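Take the position in the sequence shown, starting the count at 1, then add 84; the result is the number in this note's numbering.
Where is the CB? At the ideal position from N, CA and C, for every residue including glycine.
As the structure is a prediction and not an experimental result, all values here were calculated from the model.
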Amino acid sequence: MLTISIPEYNDITLHHLVLDMNGTLARDGVLLPGVKERLDQLKPWLEI
């Protein structure tokens, strides 16, 4: 679970992360450099 505070609004609590693979995280079906490592850093807080 990850909580993000948005000033002058509310806190948002996230449980899951859903992303688009091609065009966002990868090119031609291959992850872009550094993506896996960054996603691994989020695993303690979010279900990916």
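Compute the distance between the beta-carbons of leucine 103 and leucine 130, then report whether it is under 8 angstroms.
Result no, Cβ atoms of leucine 103 and leucine 130 do not sit closer than 8 angstroms.
If you follow the beta strand (DSSP E) that leucine 86 is part of, which residue opens it and which one closes it?
86–89
Thinking just about the alpha-carbon of each residue, which of Leu109, Val114 and Gly113 is nearest to the one in arginine 122?
Leu109
Identify the continuous beta strand (DSSP E) that holds leucine 98 and give its terminal residues.
95–98
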